[in-house]
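Chains as they are written, first to last, in the working numbering: chain E, 1 to 141; chain B, 142 to 662.
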């Protein structure tokens, strides 16, 4: 099997950029990251399908010159799924903005509890002065 | 009409039900009836499938009548059918519980017409994942159940749920993308995604390539299963959802991951069990998880950590890659689905009766509501592995398999399993002592300034007023408690089925030959 180098490169660049965005805290950027990664993976499917060929329709293309249609069917399914989840994540980011005025992924409960304890007990050794100074994003009125 | 023609129904019926329930969104009562009928039918069908798969071997359906290796296959072998039956039973019980909750809370004022359709879609997704005969259909099953779980987790869209939901959705999406990448690579390497065909073709690949594929699949499934170090998302996101939703998530979602691990490890990669890697993962999952549970002062979070911890037992059974280990793991999955769901349902009842799930606020529940005490105590002891119960039997089976494997690391795992079991007992006993056994909270409530950890105690969040328990919520919980107890009564036959399923899995030929009678092309 020969693989198309341009497709492989595109796919890896998309995934790399997506991973970078995924590490951001803002849900919208995370979402864009996920879209990039999923497009990268979809292109990887096209690589998996082997060389490009004619439309896989009997009577239009000779069977030997047809491209493999199975990975394309899978990519279509994957695109539909990603579309739905993207819409859902967008709605979540919007709801988060409505509620808190930003769409940043917040600390998990355990981290927040430890931080609260540390702030409440400024004498303790686990107290970190930077925590106090770091401005918490304010909720919109 | 043979039993095989029933195979697609556990997927199709709930999906149809979801459509009908959505159309009936305005008529609450009709919606409820549709859900109950669809899920009850699923339970009955799953039981028939289990009986016939156990007596006649795997049942296979090629959807749409495509010739054999081309179409999409649904396969119900012993493992799938057993998982299907347990999951359908648990989903039905949780549905009845949530109906009871809805009736008690008067959903008429706050109608959530999407709850029932989403719940049915979730159960269809779970069934599809269990029955899938190819990797891509497994992926679709996962996506269906995950998409439904996103909606259920963020139901009503409160601040807390959006916070927990964003982590959950992003982590799940990432694991799905990893899975999708793995499927693309598998297809590029072998030219098929059918599990039965793959079992032959993967063996011909160079070792390095098949190891990469295996590790990629394992990573994707381990995120969904919450195996340490990929488990941090679970205790953070589960406890915020409504009680019935958490219960069904805790029981089913991680176990679908366990099922996928069992299936791929035994069917696709029988020659590379990765015993050492999986054993270390199992050990760390057990120990780190249970230490988290011991440290919690909030009932639902404590239960979420025990959930993570006990995943370790199942991974241990898979890691052994012996018939006894797999049988132990399968039995443990059945036990754990039932018990963990029951405990989360009870936590919902505790929240209702005691007004909180924080162990620092609760107290005196054994006096206030003896029936709640019994409902908590029996599954809690079951989870802790006290002898007459199925938790003990499952752990005993796994530990025996570990000793029989006779490797140094397996003995370490056996010791780790015993320690985890004791610590589980300690964690649930602590919860029992604080919430049920000590004096009523009015005498011990701390002053407001010294709020302890746990988000139930976050500033500005007053505990709800305690209310009496509606019978419609107690009855399904009691039913599941009884199912949990019954698991120890029918433990003999159940271990028999698990054993035969494990033998099938190890041999591989029953599965492969019934999917592709003419041999793999």
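From the three backbone atoms N, C-alpha and C, an ideal C-beta is built for every residue, glycine too. Note that this is a predicted model, so its numbers are computed, not measured.
Which value, in whole angstroms, describes the spacing of the CA atoms of residue i and residue j?
i: residue 302 of chain B; j: residue 296 of chain B; result: 8 Å
i: residue 382 of chain B; j: residue 19 of chain E; result: 28 Å
i: residue 108 of chain E; j: residue 377 of chain B; result: 6 Å
i: residue 191 of chain B; j: residue 177 of chain B; result: 21 Å
i: residue 611 of chain B; j: residue 655 of chain B; result: 48 Å
i: residue 702 of chain B; j: residue 570 of chain B; result: No information on residue 702 of chain B is available, as it lies outside the stretch 142 to 662 that chain B covers here.
i: residue 292 of chain B; j: residue 120 of chain E; result: 36 Å
i: residue 170 of chain B; j: residue 181 of chain B; result: 16 Å
i: residue 554 of chain B; j: residue 88 of chain E; result: 41 Å
i: residue 590 of chain B; j: residue 435 of chain B; result: In this predicted model, residue 590 of chain B has a pLDDT of only 38, less than 50, meaning its place in the structure is not dependable; the value taken from the coordinates is given anyway. The alpha-carbon atoms of residue 590 of chain B and residue 435 of chain B are separated by roughly 24 Å.
i: residue 647 of chain B; j: residue 462 of chain B; result: 8 Å
i: residue 233 of chain B; j: residue 239 of chain B; result: 10 Å
i: residue 187 of chain B; j: residue 397 of chain B; result: 16 Å
i: residue 482 of chain B; j: residue 324 of chain B; result: 32 Å
i: residue 367 of chain B; j: residue 385 of chain B; result: 20 Å
i: residue 163 of chain B; j: residue 465 of chain B; result: 45 Å
i: residue 206 of chain B; j: residue 351 of chain B; result: 31 Å
i: residue 566 of chain B; j: residue 551 of chain B; result: 22 Å
i: residue 203 of chain B; j: residue 212 of chain B; result: 6 Å
i: residue 218 of chain B; j: residue 290 of chain B; result: 26 Å
i: residue 287 of chain B; j: residue 517 of chain B; result: 29 Å
i: residue 251 of chain B; j: residue 546 of chain B; result: With a pLDDT of only 48 at residue 251 of chain B, under 50, the local geometry of the prediction cannot be trusted, and the value read off the model is given with reservation. Roughly 56 Å separates the two Cα atoms.
i: residue 417 of chain B; j: residue 635 of chain B; result: 29 Å
i: residue 433 of chain B; j: residue 620 of chain B; result: 30 Å
i: residue 575 of chain B; j: residue 504 of chain B; result: 6 Å
i: residue 427 of chain B; j: residue 300 of chain B; result: 31 Å
i: residue 561 of chain B; j: residue 165 of chain B; result: 47 Å
i: residue 31 of chain E; j: residue 493 of chain B; result: 37 Å
i: residue 16 of chain E; j: residue 349 of chain B; result: 23 Å
i: residue 214 of chain B; j: residue 572 of chain B; result: 46 Å
i: residue 653 of chain B; j: residue 629 of chain B; result: 33 Å
i: residue 341 of chain B; j: residue 273 of chain B; result: 18 Å
i: residue 522 of chain B; j: residue 480 of chain B; result: 10 Å
i: residue 430 of chain B; j: residue 371 of chain B; result: 11 Å
i: residue 254 of chain B; j: residue 158 of chain B; result: 13 Å
Since residue i contacts residue j with CB under 8 Å, what's their CB separation in whole angstroms?
i: residue 96 of chain E; j: residue 313 of chain B; result: No, residue 96 of chain E and residue 313 of chain B are not in contact; Cβ-Cβ is about 17 Å, not under 8 Å.
i: residue 360 of chain B; j: residue 409 of chain B; result: About 15 Å separates the two Cβ atoms, so there is no contact after all.
i: residue 475 of chain B; j: residue 227 of chain B; result: 5 Å
i: residue 37 of chain E; j: residue 86 of chain E; result: With 8 Å as the limit, residue 37 of chain E and residue 86 of chain E do not qualify as a contact, their Cβ atoms being about 12 Å apart.
i: residue 27 of chain E; j: residue 105 of chain E; result: 6 Å
i: residue 235 of chain B; j: residue 329 of chain B; result: Actually they do not touch by this definition, with Cβ atoms about 41 Å apart.
i: residue 467 of chain B; j: residue 643 of chain B; result: 4 Å
i: residue 321 of chain B; j: residue 41 of chain E; result: 5 Å
i: residue 632 of chain B; j: residue 531 of chain B; result: 6 Å
i: residue 539 of chain B; j: residue 558 of chain B; result: 7 Å
i: residue 268 of chain B; j: residue 225 of chain B; result: 6 Å
Between which two residues does the alpha helix (DSSP H) containing residue i stretch?
i: residue 23 of chain E; result: Counting along the chain, residue 23 of chain E falls outside any alpha helix (DSSP H), and DSSP gives it neither H nor E.
i: residue 260 of chain B; result: 256-272
i: residue 527 of chain B; result: Taken as a continuous stretch (DSSP letters only), residue 527 of chain B belongs to no alpha helix (DSSP H), as it is neither H nor E.
i: residue 320 of chain B; result: 300-331
i: residue 452 of chain B; result: 440-461
i: residue 278 of chain B; result: 276-294
i: residue 167 of chain B; result: Careful: residue 167 of chain B lies outside any alpha helix (DSSP H) and carries neither H nor E.
i: residue 507 of chain B; result: 506-509
How would you call residue i, buried or exposed, if buried means at least 16 neighbouring beta carbons within 10 angstroms?
i: residue 603 of chain B; result: Bear in mind that a pLDDT of 44 at residue 603 of chain B, under 50, signals an unreliable position, so the model cannot answer this.
i: residue 400 of chain B; result: buried
i: residue 167 of chain B; result: exposed
i: residue 71 of chain E; result: buried
i: residue 25 of chain E; result: exposed
i: residue 556 of chain B; result: exposed
i: residue 98 of chain E; result: exposed
i: residue 73 of chain E; result: exposed
i: residue 548 of chain B; result: exposed
i: residue 640 of chain B; result: buried
i: residue 249 of chain B; result: Because residue 249 of chain B carries a pLDDT of 46, less than 50, the predicted location of this residue cannot be relied on, and no value is offered for it.
i: residue 60 of chain E; result: exposed
i: residue 617 of chain B; result: buried
By the DSSP assignment, the beta strand (DSSP E) with residue i in it spans what residues?
i: residue 215 of chain B; result: 213-217
i: residue 200 of chain B; result: 200-204
Under 8 Å from any heavy atom of the ligand ZN, does the C-beta of residue i make it?
i: residue 542 of chain B; result: The ligand content of the structure shown is nil, which means the ligand ZN is not present either.
(message) Under 8 Å: do the region 495-509 of chain B and the region 445-460 of chain B share three or more Cβ pairs, one atom per stretch?
(response) Touching, no.
(request) Give, in chain order, every residue of the region 429-446 of chain B whose Cβ lies closer than 7 Å to some Cβ of chain C. (result) Going by chain labels, chain C is absent from the structure shown, which instead holds the protein chains E and B.
(message) Taking 8 Å as the cut-off, does the region 258-271 of chain B touch the region 144-161 of chain B (at least 3 CB pairs, one atom from each stretch)?
(response) yes
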